[in-house]
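Counting with our numbering, you get residues 20 to 488 for the letters of the sequence shown. For glycine and all other residues, C-beta sits at the position ideal for the given N, C-alpha and C. This structure is a prediction, so every number in the text was calculated from the model and none was measured. I have placed the structure first, in the form of structure tokens, so that the comments after it can refer back to it.
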Amino acid sequence: MTAISDEKIPNNVNLAGDRRLQRALEAWQPSFINWWKEMGPEGFQAKDIFLRTAVSVETDGWAHFDYVKMPDYRWGIFLEPKKEGRTHHFGDAMGQPVWDEVPGEHRNMLRRLIVTQGDTEPASVEQQRLLGQTAPSLYDLRNLFQVNVEEGRHLWAMVYLLHTYFGRDGREEAEELLARRSGDRDRPRILGAFNEPTTHWLSFFMFTMFTDRDGKYQLSALSESGFDPLARTCRFMLTEEAHHMFVGETGVQRVAKRACELMKQDPNGDVRKHGGIDLATIQKYLNLWFTLSLDLFGGEVSSNAADAFGAGLKGRHKEDRYSDHVLLEATHHMHVLEDGKVVEKDVPMRTALNEVLREEYIKDCQRGVDRWNKTIREEGVSFEFKLPSSRFHRQIGMWSTASFTPAGEMISKDQYEARHDEWLPSAADEVYVKSLMQAVTEPGKMAGWIAPPLKGINNLPGEFEYVRL
Ligand code: BYC
Ligand code: FE
Ligand code: FE
Numbered sequence: 020m021t022a023i024s025d026e027k028i029p030n031n032v033n034l035a036g037d038r039r040l041q042r043a044l045e046a047w048q049p050s051f052i053n054w055w056k057e058m059g060p061e062g063f064q065a066k067d068i069f070l071r072t073a074v075s076v077e078t079d080g081w082a083h084f085d086y087v088k089m090p091d092y093r094w095g096i097f098l099e100p101k102k103e104g105r106t107h108h109f110g111d112a113m114g115q116p117v118w119d120e121v122p123g124e125h126r127n128m129l130r131r132l133i134v135t136q137g138d139t140e141p142a143s144v145e146q147q148r149l150l151g152q153t154a155p156s157l158y159d160l161r162n163l164f165q166v167n168v169e170e171g172r173h174l175w176a177m178v179y180l181l182h183t184y185f186g187r188d189g190r191e192e193a194e195e196l197l198a199r200r201s202g203d204r205d206r207p208r209i210l211g212a213f214n215e216p217t218t219h220w221l222s223f224f225m226f227t228m229f230t231d232r233d234g235k236y237q238l239s240a241l242s243e244s245g246f247d248p249l250a251r252t253c254r255f256m257l258t259e260e261a262h263h264m265f266v267g268e269t270g271v272q273r274v275a276k277r278a279c280e281l282m283k284q285d286p287n288g289d290v291r292k293h294g295g296i297d298l299a300t301i302q303k304y305l306n307l308w309f310t311l312s313l314d315l316f317g318g319e320v321s322s323n324a325a326d327a328f329g330a331g332l333k334g335r336h337k338e339d340r341y342s343d344h345v346l347l348e349a350t351h352h353m354h355v356l357e358d359g360k361v362v363e364k365d366v367p368m369r370t371a372l373n374e375v376l377r378e379e380y381i382k383d384c385q386r387g388v389d390r391w392n393k394t395i396r397e398e399g400v401s402f403e404f405k406l407p408s409s410r411f412h413r414q415i416g417m418w419s420t421a422s423f424t425p426a427g428e429m430i431s432k433d434q435y436e437a438r439h440d441e442w443l444p445s446a447a448d449e450v451y452v453k454s455l456m457q458a459v460t461e462p463g464k465m466a467g468w469i470a471p472p473l474k475g476i477n478n479l480p481g482e483f484e485y486v487r488l
């Protein structure tokens, strides 16, 4: 076991052995706690929550459960143990020893990647800060807070890298990470989806299904990094990410299951009449959050992606599965928009790496959607959720310059506007879904628009008091 030392800042990086760094992080800690109290879950800071906390970085060591008040959560710094003799396994420095310090020539690019990653973590907490007031059950309330404290820890992970390896400008970036605000007109978060409001639990489940899954793929690509401290911290972050996606996937699945049950009860299959969220409306929220999350992979053709790969800073998801790790001759066959037409083309592989990662992500999303459709089939209902085309509803990249249907056919902007509410949540859908969001706080009870989970947290019963109100 790699023990986590029990200091003011729990860590497995021997923080006590570096007084300067320890002081810098101890100085940042109060700012973080202030930010948490101001922008973290509103109304629950003094409550006991049944949370999982890391006690070691080994496979099971971080699954320690107990009641904690969120501001006392043991946020800390956990890196996977160092593997001696690790070498660059992709890019221009292929075969050379990995870096333990920031290479001067790649400093700016590396800092930008770390800051972008770090910025998403507090942003998501900000987006979700009011959801506790409308949780459909104590089980869901606890899961929300578990996700929130872990995103807070992910921020710590990036701030550790900034403080340790980037000196003064690293410290300044760490302050900025607490100063930007999701959705703020003057100081927004860096990436698009992290400025979108997450106003109710259906959006929260879609967010953890699709946007946290972007996290999985970005962290996976960064966990291949030749900057070893980044690789090691991302590998540990990935172990926490699985639960976030579990919350999203099972959350949507339970909403869909409930819709099916209500459909079968009503002679006309009317779900809304009985206070459920109909499958067609769920599909619209799927369309919204899936496409917002596609934007997070950046442009389809990107010199930034090529540079990050060449520099050995950001690899592909599971780089070892590939045989060519240099990619100077390879090309990627893909659809592109040329002279206003969708055509197929071979693009130099390095510049196509955002698209390569996005394609892996889409396959993973499809596996989740297949499981939702299996639930619907098992309910005996004939309906299938579909992932829209990656050209639909884009705001970043080449597809953002034209309009497309969910099937991927190009249409005029007017046609698109006319059909917007058929494909994406309308103002009325949003009002309806929000109208269902009433907190249910009795242990074991569930709001009427969602089915109960198959089992409780850590195999505890459904009526366990996950949050003491
Ligand atoms: N919104 O070359 P391009 C997570 C900018 S989620 C706004 O096409 P690049 C989490 C871009 O910055 C994972 N701007 O893209 C989930 C660039 O600007 P500059 C987060 C955007 O650079 C849930 C310009 O457009 N981690 O962990 O190859 C809860 C041209 O860019 C967007 C990371 O993202 C956008 N969507 O790739 C909590 C990993 N997309 O430089 C947490 C780190 C692009 O011209 N980030 N732009 O001013 C990266 O690897 C890359 O920065 C990106 C973009 C993949 C985001
Ligand atoms: Fe995260
Ligand atoms: Fe996450």
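Query, Result
"Buried/exposed call for D314, threshold 16 Cβ in 10 Å", "buried"
"Residue list, Cβ distance to ligand 3 heavy atoms smaller than 6 Å", "E170, D231, G234, E260, H263"
"Alpha helix (DSSP H) segments (min. 4 residues) lying fully within the stretch 363-424", "372-397"
"Closest residue to L98 among I430, R396, A176 (Cα-Cα distance)", "A176"
"T139 - containing alpha helix (DSSP H), residue span", "126-146"
"is_contact[F226, chain B] using C-beta, thresh 8 Å", "Here there is only one protein chain, and chain B is not present."
"For L70, the first and last residue of its enclosing beta strand (DSSP E)", "67-72"
"Distance cut-off 7 Å: M58 Cβ against heavy atoms of ligand 4", "Among the ligands in the structure shown, ligand 4 does not appear; only ligand 1, ligand 2 and ligand 3 can be found there."
"Any non-hydrogen atom of ligand 2 within 7 Å of E140 CB", "yes"
"Cβ pair count under 8 Å reaching 3, the stretch 303-313 against the stretch 406-418", "yes"
"DSSP three-state assignment for S244, whether helix, strand or coil", "coil"
"Q48: CB within 7 Å of a non-hydrogen atom of ligand 1", "no"
"Candidates G334, Q434, D289: closest to C253 by CA position", "G334"
"Classification of E259 by the beta-carbon crowding that lies within 10 angstroms, buried from 16 upward", "buried"
"For M429: DSSP bridge partner residues", "F423"
"P49 in three-state terms, based on DSSP", "helix"
"Check: E89 C-beta below 7 Å from any heavy atom of ligand 2", "Looking at the sequence itself, residue 89 is Met, so the reference to Glu does not match. Not so, every heavy atom of ligand 2 lies at least 7 Å from the Cβ."
"G110 versus F328: straight-line alpha-carbon distance, rounded", "6 Å"
"Element boundaries [alpha helix (DSSP H), containing D85]", "It is not in any alpha helix (DSSP H) - D85 instead sits in the beta strand (DSSP E) that spans 83-88."
"Supposed contact pair W418 and G294 - C-beta distance, whole angstroms, cut 8 Å", "With 8 Å as the limit, G294 and W418 do not qualify as a contact, their Cβ atoms being about 37 Å apart."
"R42 versus V450 - alpha carbon distance", "48 Å"
"Assigned secondary structure, W468 (DSSP; H/G/I helix, E/B strand, else coil)", "coil"
"DSSP-derived helix/strand/coil call for L443", "coil"
"Span of the alpha helix (DSSP H), counted from its first residue to its last, around E195", "186-198"
"Run of the alpha helix (DSSP H) containing L221, from where it starts to where it stops", "220-225"
"For A325, the nearest candidate out of E461, E338, V345, T106 (CA to CA)", "V345"
"Same chain, Cβ closer than 6 Å to T217, five either side skipped, listed in chain order", "Q146, Q147, F223, F226"
"Beta-carbon separation (whole angstroms), N30 vs G95, contact threshold 8 Å", "5 Å"
"M256 Cβ short of 7 Å to ligand 2 heavy atom set", "yes"
"Which residues DSSP lists as bridging H351, in chain order", "V366"
"Beta-carbon proximity list for I209, same chain, < 7 Å, skipping 5 on both sides", "T135, D138"
"8 Å Cβ shell around L34 - same chain, five flanking residues per side excluded", "S24, E26, I28, L40, Q41, L44, I96"
"Validate contact between the stretch 475-487 and the stretch 49-69 using beta carbons, cut 8 Å, 3 pairs", "yes"
"Three-state class that DSSP yields for V290 in the structure shown", "coil"
"Nearest-angstrom beta carbon gap, M228 and V271 [assumed within contact, 8 Å]", "6 Å"
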